[in-house]
Amino acid sequence: MLLVHSILRWAVLLTGIWAVIRAYKGVSGKTPFTAADNKAGLFFMIACDIQLLVGIILFFTSSLVTAARADMGAAMKEPILRFFTVEHETLAIIAIALVHIGKSKVKKATDAAKKHKLALNFYGIALVLILIIIGLVMTKGQRGFY
275 MLLVHSILRW AVLLTGIWAV IRAYKGVSGK TPFTAADNKA GLFFMIACDI
325 QLLVGIILFF TSSLVTAARA DMGAAMKEPI LRFFTVEHET LAIIAIALVH
375 IGKSKVKKAT DAAKKHKLAL NFYGIALVLI LIIIGLVMTK GQRGFY
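Per the working numbering, the very first residue in the sequence shown carries number 275; after that it's consecutive.
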């Protein structure tokens, strides 16, 4: 399951980059909001949701997190345990919430400029958080690219 979660991070990253680039092009080029723009945001949201589901499964089945949850006081003093028990999940949930809020606001907006701007802001902030998570996993978690 960890391998699936690790591979899915790249799907999340790629779809996030795609959504942000489309939003940026829409803002800078003042282009209409097209079906492709909508799909970019939708695929980003779907990739995040799948990653979240796999992450929830890992949270309850991972031996590392299970050991940390057994003694949260000690886990909070150990940086790697704290990261995988609290910090990683918190940042991920915030990022996914931003994607969902952004998608909802984009759907409700009436003009193309507003849709692109909302998408750029929400998806962009979510993407930055996701990049932070990936960087921390690769350094703190010592997991590398897999």
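We treat Cβ as the ideally placed atom computed from N, Cα and C, and that holds for glycine.
A quick note: this is a predicted structure, and the numbers were derived from the prediction, not measured.
Terminal residues of the alpha helix (DSSP H) in which residue i lies
i    : result
S302 : 276-303
F317 : 309-335
Residue i and residue j closer than 8 Å at C-beta
i    : j    : result
L332 : M412 : no
I404 : V286 : yes
A314 : W284 : no
F318 : V373 : yes
K304 : F357 : no
I370 : C322 : yes
I320 : L282 : no
F307 : A400 : no
For residue i, the three-state DSSP class (helix, strand or coil)
i    : result
E363 : helix
P353 : helix
A383 : coil
K414 : coil
Supposed close pair residue i, residue j - CB separation, criterion 8 Å
i    : j    : result
G300 : Y397 : The pair is not a contact, with the Cβ atoms about 11 Å apart (cut-off 8 Å).
G409 : L392 : Going by Cβ atoms, the distance from G409 to L392 rounds to 26 Å, so no, they are not a contact pair.
I407 : L365 : 5 Å
V294 : L394 : 7 Å
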